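Take a look at the structure set out below.
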Amino acid sequence: MSKVKISYYGHSCFKVESSSGSILFDPYADGSVPGLQLPRGLEADVVSCSHGHDDHNAADLVRVSGKTPTFKVSKLTVPHDHHDGAHRGLSDITKVDFDGLTVCHLGDLGRLPTAEEYHFFDAADVVLLPCASYFTISSAEAQEVIDHLKHPCLKILMHFREGRRGYPVQETIDEVAADVSFIHRLAATQIEVESSAVPDEIITLEPIQ
Numbered sequence: 000m001s002k003v004k005i006s007y008y009g010h011s012c013f014k015v016e017s018s019s020g021s022i023l024f025d026p027y028a029d030g031s032v033p034g035l036q037l038p039r040g041l042e043a044d045v046v047s048c049s050h051g052h053d054d055h056n057a058a059d060l061v062r063v064s065g066k067t068p069t070f071k072v073s074k075l076t077v078p079h080d081h082h083d084g085a086h087r088g089l090s091d092i093t094k095v096d097f098d099g100l101t102v103c104h105l106g107d108l109g110r111l112p113t114a115e116e117y118h119f120f121d122a123a124d125v126v127l128l129p130c131a132s133y134f135t136i137s138s139a140e141a142q143e144v145i146d147h148l149k150h151p152c153l154k155i156l157m158h159f160r161e162g163r164r165g166y167p168v169q170e171t172i173d174e175v176a177a178d179v180s181f182i183h184r185l186a187a188t189q190i191e192v193e194s195s196a197v198p199d200e201i202i203t204l205e206p207i208q
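Numbering (numbering that gives the first Met the number 0), first residue to last: 0 to 208.
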């Protein structure tokens, strides 16, 4: 049995820890995301940045432990927009295999995946999924991605606006909920997932600040 602990720091930034090591996704630079501040003192074995924009690539703010993890990391590059990357460039989908439990961070996915791209991640146990439109796929497109995922699969939404957190051009989480069905909004900042009991849910977490 494999188990991971997932901690949320807002926007698209998560830390995933297991007995095989830790990885931190998409740390954001100071002042890059309205209403959010990346906590100081974060540490991980691996820092993974989906692309080079300031709200996703502040690897310099995270200490790399120096330990060698035993999980496997795979990446697939996709467009950051609906124009093959002509407007915003490219972004990586990152898949991490934690010895029997797979976590996939979709980065700033900018358009619906192709059949080949779906095949890269559609069997993941946990998918960290952007929504809210403008910079990423819309909430309606996020629902279409969800419809392609296996069961059970835990879907954790990211890159949306809530209150003063996030960009004004993004959809709010309440607007996202009009297209994405049955979102369970947790008050927690962390969640643990075991390979033997993966929740088949769509959730949001509160950011650690």
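Built from N, CA and C at the ideal position, the CB exists for glycine as well. Remember, predicted model here, so these are calculated numbers, not experimental data.
Per-residue burial, residue i [other beta carbons within 10 Å of its own, 16 or more giving buried]
i           : result
residue 179 : buried
residue 132 : buried
residue 0   : exposed
residue 6   : buried
residue 97  : buried
residue 69  : exposed
residue 46  : buried
residue 159 : buried
residue 208 : exposed
residue 120 : buried
residue 187 : exposed
residue 64  : exposed
Residue i, DSSP secondary structure in three states
i           : result
residue 119 : helix
residue 172 : helix
residue 139 : helix
residue 156 : strand
residue 15  : strand
residue 32  : coil
residue 186 : coil
residue 98  : coil
residue 145 : helix
residue 124 : coil
residue 43  : strand
residue 199 : coil
residue 75  : strand
residue 59  : helix
Closest Cα partner of residue i within the set the options
i           : options           : result
residue 41  : 14, 101, 186      : 14
residue 24  : 36, 168, 10, 177  : 10
residue 35  : 114, 162, 174, 89 : 162
residue 95  : 65, 60, 122       : 122
residue 167 : 188, 177, 134, 19 : 134
residue 71  : 175, 79, 102, 39  : 102
residue 174 : 142, 78, 17, 150  : 142
residue 112 : 185, 153, 80      : 80
residue 215 : 153, 118, 191     : This structure does not reach residue 215, given that the chain is present from 0 up to 208, and the question cannot be answered.
residue 99  : 205, 204, 2, 199  : 2
residue 61  : 67, 205, 38, 77   : 38
residue 125 : 140, 155, 147     : 155
residue 8   : 140, 76, 157      : 157
residue 151 : 194, 110, 91, 86  : 194
residue 17  : 44, 89, 32        : 44
residue 172 : 204, 22, 114      : 204
residue 199 : 145, 33, 206, 189 : 145
residue 110 : 104, 130, 118     : 130
residue 164 : 33, 22, 20        : 33
residue 67  : 74, 105, 21, 48   : 21
residue 87  : 12, 19, 197, 136  : 136
Problem - Meets three-Cβ-pair contact criterion under 8 Å: the region 45-56 and the region 27-37 - result: With a cut-off of 8 Å, the region 27-37 and the region 45-56 count as touching, because enough Cβ pairs lie within range.
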